[in-house]
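Going by our numbering, the sequence shown opens with residue 9, and the numbers climb by one from there.
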Amino acid sequence: MNTNTQISAADREAVTAAEVTTIIGLEVHVQLQTKSKLFCGCSTLFGQEPNTQTCPVCTGMPGSLPVLNKQALKLSIKTGLALNCEIAKHTKWDRKNYFYPDLPKGYQISQLDQPICGVGYLDISDSDGAFEPKRVEIERAHLEEDAGKSSHDESGRGGKSKIDLNRTGTPLLEIVTRPDMRSAAEAKAFLQSLKMILTYIEVSDCNMQEGSLRCDGNINLHINVGGQKIATPIVEIKNMNSFRAAERALDYEVKRQLAEWKETGGTIEGAPKRTFGWDDQAEVTIAQREKEEAADYRYFPDPDLIAVVTTDEQIDAIREEIGTLPSRLRNDLVREHQLSEYDANVLVNQGRGVVDYFLSVAKTCDNSKLAINWVNQEVLRHLNETNSAIDQYPIGSDGMGDLLKRITDGDLDQTRGKDVLSAMMEDSIDAAAAIEKLGIRQVDSSELDSLCQQLLDANPKVVAQVQEGKVKALGALVGQARKINPNVNPGTLQANLRKMLGVDG
Ligand SMILES: [Zn+2]
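Below is the structure:
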């Protein structure tokens, strides 16, 4: 056992950041998107009147019997496949016993030794380059039922505590990672990537405000000092209710643990795990109760439920339904369509419908770069503003592809293209009709020459700048040109001006 008794306060103080490794593992509770609870027919709808969605089964009345929700099992397997997990062919149910006011049965039905999903992994990367791409291993993912919700009147003595059992029995998948993350940034990237996958395969809405995705982090430090490796006691941080909160809580805990060790030293290994909460307002972690050991829960197999057997055919059918996974899709978009990581991420985060829309537009206009710009800007802005889905977008992918093809071919510039798009949306017409309506036509070369001459005559300062080598100054003339003739193409205009002034580039 390493103890700090051998390490002097001066040596502890001299430890640098390079000698400290942060070790983080996560436990993520995901509420599965089922209509009814895990073992009864009660609704899982959020935000209903308290205690209106309960029955004898989820409130644990004597004589009631649980029946497994098949959809919850299917969504768990779907998640497991998306996270590259081994799927158990045989899984069973265990009772996790503890007494708490919001748990009327006195136990939670969970999975102890035969989780539905075994070892798997999730690859993470960071577009800002804060860390190298890496693989985070998943230890397991098991299905369990949620408890109810207590709220306490903290106004003082005599205050009331209230219990809402609507959430009791809601299906949760608990995903446990190995302690593979080395920074708060990696943990945040893991959560973001996980959310992207789960929403993409429609397993959960991952709405953190409504508690559909809850995250606890286990964190400690390994410190190399005086030829020894010291580990600080593991702290479990609860209550990290947003990705930003998770990142800040973990960052804070790194500093807190290092400061505590430098100050107090003391025995480290074998120290019990502690539980802290994150106070987002005060931006500190606060010590809570001592962590129960697994034995405290007195787990035993649930005698009311039979084991679940899953066949290869069932697993294959679910795999088929998932299709291409988001991470793979993102890589394909970067490789085959030359999208930036950022653009590919934005697109994939919108779900399969938007990705398919983009692919169809890019194919029609044969210009991925233009297609991604228009989909990520024009189309997504409209969807956000109107809070609608891609299948409600007024312009189909053929129509958008047709418009962008005209821009690619040089018949339209992007500014005029946006006018055309507006007209298409306003009047439900195609690009050709919108172009006709707006009176857009090609500017012929004699028209262009006389327009250019007019601009050069009116702007002697710009001409002088260009002749001094500042060719970019010509950009100032585009706006003026458009006022005279809105049909003029900025690229063609500038090329013609350069030709007339006898400058290259
Ligand atoms: Zn019920």
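Built from N, CA and C at the ideal position, the CB exists for glycine as well.
No experiment lies behind these values; they were computed from the predicted model shown.
Same chain, Cβ closer than 7 Å to Ser348, neighbours up to 5 away in sequence not counted: none
Can you tell me the Cα-Cα spacing of Asp406 and Val362, whole angstroms? 14 Å
His390 to Thr416 span [Cα, whole Å]: 22 Å
Measuring from each Cβ to the nearest heavy atom of ligand 1, keep the ones under 6 Å and list them in chain order. Lys45, Cys48, Cys50, Thr62, Cys63, Val65, Cys66 and Gly177
Hey, quick one: how far does the beta strand (DSSP E) through Glu145 stretch, first residue to last? Lys142 to Glu153
Lys45, DSSP secondary structure in three states: coil
Is it buried or exposed for Phe284, if we count other Cβ within 10 angstroms and need 16 for buried? buried
Beta-carbon gap between Val127 and Glu152 smaller than 8 Å: no
Neighbourhood of Ile85 by C-beta distance below 6 Å, restricted to the same chain and skipping five residues each side: Ile95 and Ile326
Beta-carbon within less than 6 Å of Leu464's beta-carbon, same chain only, minus the 5 sequence neighbours each way: which residues are those? Val471
So, for Gln265: in the same chain, excluding its five sequence neighbours on each side, which residues have a beta-carbon less than 6 Å away from its beta-carbon? Leu229 and Thr240
List the endpoints of the continuous alpha helix (DSSP H) containing Leu6. Summary: the structure shown does not reach residue 6, with the chain confined to residues 9 through 513, and so no result is reported for it.
For the pair the region 183-192 and the region 106-119, tell me if three or more CB-CB distances fall below 8 Å. no
Would Leu333 and Ala149 be called neighbours here (beta carbons separated by less than 8 Å)? no
Please report the straight-line C-alpha distance between Ala22 and Glu268, rounded to a whole angstrom. 14 Å
With H, G and I counted as helix, E and B as strand and the rest as coil, what does DSSP make of Pro402? coil
According to the neighbour-count rule (16 or more other Cβ atoms, all chains shown, within 10 Å of its Cβ), is Ala503 buried or exposed? exposed
Strictly by DSSP, which residues pair up with Pro187? Partner(s): none; Pro187 has no beta bridge.
Determine the burial state of Glu518: buried for a count of at least 16 other Cβ atoms within 10 Å of its Cβ, exposed for fewer. Outside the displayed range of the chain (9 to 513) lies residue 518, so it cannot be described from this structure.
What is the DSSP secondary structure of Asp435, counted as helix, strand or coil? helix
So, are the CB atoms of Thr99 and Val316 less than 8 Å apart? yes
Buried/exposed call for Asn12, threshold 16 Cβ in 10 Å: In this prediction, Asn12 scores a pLDDT of 46, lower than 50, which makes its location untrustworthy; no coordinate-derived value is stated.
Which residues share a DSSP beta bridge with Ala295? Phe284
State yes or no: is the C-beta of Thr30 within less than 8 Å of the C-beta of Ile231? no
Counted within 10 angstroms of its Cβ, other Cβ atoms place Glu255 as buried (16 or more) or exposed: buried
Which residues does DSSP list as the beta-bridge partners of Met508? None, per the DSSP bridge assignment.
Are Gly235 and Asp19 close, meaning C-beta to C-beta below 8 Å? no
Residues near Arg103 by beta carbon distance below 7 Å, same chain, minus five either side: Tyr115, Ile117, Tyr307, Phe308 and Asp310
Considering only C-alpha positions, which residue in the set Gly425, Ile398, Pro402 and Tyr401 is nearest to Leu411? Gly425
In chain order, what are the residue ranges of uninterrupted beta strand (DSSP E) at least 3 long that sit wholly in the region 352-404? none
Boundaries of the alpha helix (DSSP H) in which Cys460 is found, first to last residue: Ser453 to Ala466
If the criterion is Cβ atoms closer than 8 Å, does the pair Val511 and Val474 meet it? yes
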